[in-house]
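J.: Take a look at this one; I'll ask things after.
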Amino acid sequence: MKILVVDDEEDVKSLFEQKFRKEIRSGQFQFSFSFSGEEALTYLAAHPSEVVMILSDINMPGMSGIELLKTIRRDHPSAPPQVMMITAYGDSANHDQAMQLGADDFLTKPVNFVELKEKLLTIL
Amino acid sequence: MDYFLVSFFLIQYIRTSLQTAVNHPEWEKRLVFARYFSIAWIATFYIAEEPFWTNWVWDIFLVWLIVVIYRNEVFNSLRTTAQTVMPFVAISIIRDFVKGIFPKFYEENDSFFQVAVAFAFVLCFFVWFYARKQMKVLQKEREDRLREEQASRAQKESLEYLVNERTQELTMQKEELQRTIEELKSTQNQLIQSEKMASLGELTAGIAHEIQNPLNFVNNFSEVSAELCTELEEEIEKSELAEEDKDYIKQIIADLNQNQQKITHHGKRADSIVKGMLQHSRLSSGEKEPVEINALADEYMRLAYHGLRAKDKEFNAALVTDFDDTIGKVNVLPQDLGRVFLNLFTNAFYAVAEKKRKLAAEGFSSDYKPEVKISTKKFANKLYIRVTDNGTGMPEHVKAKIFQPFFTTKPTGQGTGLGLSMSYDIITNGHGGVLDVESIPGERTEFRITIPVSEPISQS
């Protein structure tokens, strides 16, 4: 399963790579990383229909996670990938907006990796 | 006869115009003597059947009078009067002289001399009379002036009274304005202070957010590193290294593992502090949740206590709790009620600390035991919470104002005057309850919260 992680913090990459080391080695998960919303859209355009799951931060400089979500839902209406939003602001307003715009799930930082792993496995 | 009249009236005139009886007693005596002399001499004149030589004595007497008037400073103002007498005296002397030395010539011009003397005599009295009249006019003028002066003085006094009255009014107004300015100043200070506190709250929230992200990385990476250590240990086991080397490597790995765990532990600690900061600065969501009241009260009591301890290492107070264990969870606004607890406990600890400080300043601190007590009770669908301290207490006029916004007895910078007013608002408007206070100055203060509990909450 190909997963695209979108976050402006570059250390997220090594964190995910280490947290999901076993899954990556066994080929269960395949991670790609983008460090901004714009970069994520470019990646999606270059690799159409590859990505199954997008994990996106909301608060990013430039294009925010919410805008990214809107664009994805507009541009890929037929076969949309699953989108999971991750944010430090776990208030209901953020949550409701994300869900209304078509997010499949909503997580708050700090990410509970045990929970995330379970969620990813059920989708798989 | 004319001599006597002139001398007698001259002497009288001197006495009355200068008030010698009062002002110059020594002269009074002489003048009275001179008067008697003139009376005696006129008597002698008539008794001796009008001898001519008495004229000489009169002449000498009058000249002497004039000389006396001219020689003494006391009679300065009478010189003009003396001048009026002079023609009479001079003519009289000339007449007497002529009469004594050239009796023949005198006989021939007798009428001429008589007329001259009479004329001088009349002139004398005429001038005196005129001078008297003049003086009376002057006197009247002086009296008028005096009356005017009195009138103007009365006017001046009434004006002065008015001025005084106005001055007093102005002074009172000034004092009132000064008081108002002082009140405004203190209000301004308090507003600035509360503004500072508000911006400090925002800053705290901002800092907390900023710290949370890097802190998440610290925690996540340390966790993953600990996992890696465990994996590494397993891999070492599979390898074909000498047992000795394996043990050594394992030992290093164990240390690494322990370090990672320490990093995780302290990271989690920092995380809980940041979470507390965020929670404290967040606005009330306005939704009630079931909350363990006893736990909440206890938590904030300790928070307030340690908050004060952090500032004042000397500070120390007994924390007494009297919880009703049957309360369980009650539907309240937890953050708001937490603020109320924090305010009440902070005030209670402040009061006992103040009392201790005062007693120490007076020199008998040994037997005072600061104590802050919280008690809870649920009874007839009502929740009763009491926060009691044996601190400074407060007088009636302070008690009347404590729930007013911006009222504080603490020095500026130590209290915003918003704590109790906010607490009052939270209890009355937020929870439909009652917040009141009872206090004995110098002994104790008790805050009582009563909150209606609408439905019994299940303890599941």
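The listed protein sequences correspond, in order, to chains E and L.
Every number in the working numbering is 503 more than the matching position in the first sequence, counting from 1.
Every number in the working numbering is 1184 more than the matching position in the second sequence, counting from 1.
Glycine is no exception: its CB is placed at the ideal position from the N, C-alpha and C atoms.
On the three-state DSSP scale, how would you describe L/Ala1501?
T.: Note: L/Ala1501 maps to coil in three-state DSSP.
J.: Taking C-beta pairs closer than 9 Å, name the residues in chain A that E/Ala591 reaches, listed in chain order.
T.: You won't find chain A in this structure, because its protein chains are E and L.
J.: Does the beta carbon of L/Pro1354 come closer than 8 Å to any beta carbon on chain E?
T.: Note that residue 1354 of chain L is Leu in the sequence shown, not Pro. No, L/Leu1354 does not count as interfacial toward chain E.
J.: What are the uninterrupted segments assigned as alpha helix (DSSP H) that are 4 or more residues long and contained completely in the segment 522 to 586 of chain E, given in chain order?
T.: Those alpha helix (DSSP H) runs which fall completely within the segment 522 to 586 of chain E and span 4+ residues are 524 to 528, 540 to 549 and 568 to 578.
J.: When the cut-off is 8 Å and only beta carbons count, does L/Asn1403 lie next to chain E?
T.: At least one chain E Cβ lies under 8 Å of L/Asn1403.
J.: Just reading off the beta strand (DSSP E) that E/Thr611 is part of, what are its end residues?
T.: First-last of the beta strand (DSSP E) with E/Thr611: Asp608 to Thr611.
J.: Should E/Pro564 be flagged as near chain L, meaning a C-beta pair shorter than 8 Å?
T.: Cβ-Cβ to chain L under 8 Å: no for E/Pro564.
J.: Quick one, which residues of the segment 605 to 620 of chain E are near chain L if we go by CB-CB under 8 Å, in chain order?
T.: Here the close residues are Lys612, Pro613, Val614 and Phe616.
J.: Mind listing the chain E neighbours of L/Val1458? Cutoff is C-beta to C-beta under 8 Å, in chain order.
T.: Simply none; closest approach about 11 Å.
J.: Have a look at L/Leu1354 and L/Arg1337 and give me their C-alpha separation to the nearest angstrom.
T.: Approximately 25 Å, taken between the alpha carbons.
J.: Classify L/Leu1467 as helix, strand or coil using the three-state DSSP reduction.
T.: Low local confidence applies: a pLDDT of 47 at L/Leu1467 is under 50, so the model's placement there is unreliable, and no value is given.
J.: Locate the beta strand (DSSP E) running through L/Pro1474, then write down its first and last residues.
T.: Glu1473 to Glu1476 is the span of the beta strand (DSSP E), which, as asked, contains L/Pro1474.
J.: Got a sec, what are the start and stop residues for the beta strand (DSSP E) L/Ile1635 sits in?
T.: Its beta strand (DSSP E) spans residues Arg1628 to Pro1636.
J.: With C-beta atoms as the reference, is E/Asp599 less than 8 Å away from E/Gln585?
T.: Taking 8 Å as the Cβ cut-off, E/Asp599 and E/Gln585 do not qualify as a contacting pair.
J.: Out of L/Val1408, L/Glu1291, L/Ala1304 and L/Gln1588, which one is the CA nearest neighbour of L/Thr1371?
T.: Selected option, being the one with the closest Cα: L/Gln1588.
J.: Please identify, using Cβ separations under 9 Å, the residues of the segment 511 to 533 of chain E that lie next to chain L, in order along the chain.
T.: Result list: Glu512, Asp514, Val515, Ser517, Leu518, Gln521, Lys522, Arg524 and Lys525.
J.: Give the residues of chain E in contact with L/Leu1412, contact being defined as C-beta atoms less than 9 Å apart.
T.: What L/Leu1412 touches in chain E: Gln521 and Arg524.
J.: Pull up the CB-CB distance for L/Ala1410 and L/Asn1441, whole angstroms please, since I reckon it's below 8 Å.
T.: About 6 Å separates the two Cβ atoms, so the contact holds.
J.: Is there at least one Cβ from chain E nearer than 8 Å to L/Val1408's Cβ?
T.: Answer yes: the Cβ-Cβ gap between L/Val1408 and chain E drops below 8 Å somewhere.
J.: Please confirm if L/Lys1566 has its CB atom under 8 Å from at least one CB of chain E.
T.: No, L/Lys1566 does not count as interfacial toward chain E.
J.: For a quick check, are the C-beta atoms of L/Gln1396 and E/Ala591 less than 8 Å apart?
T.: Yes, the pair counts as a contact, with Cβ atoms nearer than the cut-off.
J.: Can you tell me which residues form a DSSP beta bridge with L/Leu1567?
T.: L/Leu1567 is bridged to L/Lys1562 and L/Ile1635.
J.: For L/Phe1525, count the other beta carbons within 10 Å of its own beta carbon; 16 or more makes it buried, fewer makes it exposed. Which is it?
T.: By the neighbour-count rule (16 or more Cβ atoms within 10 Å), L/Phe1525 is buried.
J.: Drop a sphere of 10 angstroms on the beta-carbon of L/Ile1670, count the other beta-carbons inside from all chains shown, and report buried for 16 or more, exposed for fewer.
T.: Absent from the structure is residue 1670 of chain L, since the part of chain L shown begins at 1185 and ends at 1644.
J.: Quick one: grab the DSSP three-state call for L/Asp1429.
T.: Looking at L/Asp1429 - three-state DSSP - the assignment turns out to be helix.
J.: Leaving out the 5 sequence neighbours to the left and right, which residues in its chain are closer than 7 Å to L/Leu1467 when beta-carbon positions are compared?
T.: With a pLDDT of only 47 at L/Leu1467, under 50, the local geometry of the prediction cannot be trusted, and the value read off the model is given with reservation. Counting only Cβ-Cβ distances below 7 Å, and skipping sequence neighbours, we find nothing.
J.: L/Leu1467 CB to nearest chain E CB: under 8 Å?
T.: In this prediction, L/Leu1467 has a pLDDT of 47, which is less than 50 and means its spatial position is unreliable; nothing more can be read from the coordinates.
J.: Applying the criterion that 16 or more other CB atoms from any shown protein chain within 10 Å of the CB defines a buried residue, is L/Met1485 buried or exposed?
T.: So L/Met1485 counts as buried.
J.: Pick from E/Ser537, E/Arg524, E/Leu518 and E/Met587: whose alpha carbon is nearest that of E/Asp511?
T.: Answer by Cα proximity: E/Ser537.
J.: Can you check DSSP and say which residues form a bridge with L/Lys1513?
T.: For L/Lys1513, which the question treats as bridged, DSSP gives the partners L/Glu1476.
J.: List the endpoints of the continuous beta strand (DSSP E) containing L/Ile1665.
T.: Only positions 1185 to 1644 of chain L appear in the structure, and residue 1665 of chain L is not among them; the question remains open.
J.: Just the C-alpha distance for E/Ala596 and E/Ile569, rounded to the nearest angstrom, thanks.
T.: Between E/Ala596 and E/Ile569, the C-alpha separation is close to 12 Å.
J.: Of all the options E/Ala549, E/Val508, E/Gly540 and E/Met504, which has the alpha carbon lying nearest to the alpha carbon of E/Ile527?
T.: When only C-alpha atoms are compared, the closest one is E/Met504.
J.: Tell me the residue span of the beta strand (DSSP E) that contains E/Ile506.
T.: Residues Lys505 to Val509.
J.: If you reduce the DSSP assignment to three classes, tell me which class L/Glu1555 lands in.
T.: In this structure, L/Glu1555 counts as strand in the three-state DSSP scheme.
J.: Check whether the segment 1256 to 1265 of chain L touches the segment 1284 to 1299 of chain L, counting contact only when three or more Cβ pairs, one atom from each stretch, lie closer than 8 Å.
T.: No contact exists between the segment 1256 to 1265 of chain L and the segment 1284 to 1299 of chain L.
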